[in-house]
Amino acid sequence: MAKNNKNIECLRRLINEAEAFLKEGKPLLKKLENGEEVEIPSPISPHQKRQQFFDEVLSSNRRVKKNEILGL
1130 MAKNNKNIEC
1140 LRRLINEAEA
1150 FLKEGKPLLK
1160 KLENGEEVEI
1170 PSPISPHQKR
1180 QQFFDEVLSS
1190 NRRVKKNEIL
1200 GL
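In my numbering, the protein residues as written are 1130 to 1201.
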């Protein structure tokens, strides 16, 4: 039962990420189809996101809240 709950949470997270991606991508696609020039942001992997966070924290020596780390 616990494994099913974990799978459900994982699928919900994936669906939310996909919906956010589509929400950003559709307007860009329309602009490209209309011949406008658009700068497309490159996707960032979760590993790269964590690495950026830790690099920023280490370089600034700031204090980090537990929630910030858990959110990665």
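By construction, the Cβ of each residue, glycine as well, lies at the ideal position given by its N, Cα and C atoms.
Residue i to residue j, Cα distance in whole Å?
i     : j     : result
L1161 : K1155 : 10 Å
R1191 : Q1180 : 16 Å
E1168 : K1159 : 13 Å
N1145 : E1138 : 11 Å
K1194 : N1163 : 45 Å
L1140 : Q1177 : 21 Å
K1135 : D1184 : 30 Å
Under 9 Å between the Cβ atoms of residue i and residue j?
i     : j     : result
P1170 : E1153 : yes
E1165 : F1182 : no
Have a look at the options and flag the residue whose alpha-carbon is nearest the alpha-carbon of residue i.
i     : options                       : result
G1200 : A1131, N1133, R1142 and K1132 : R1142
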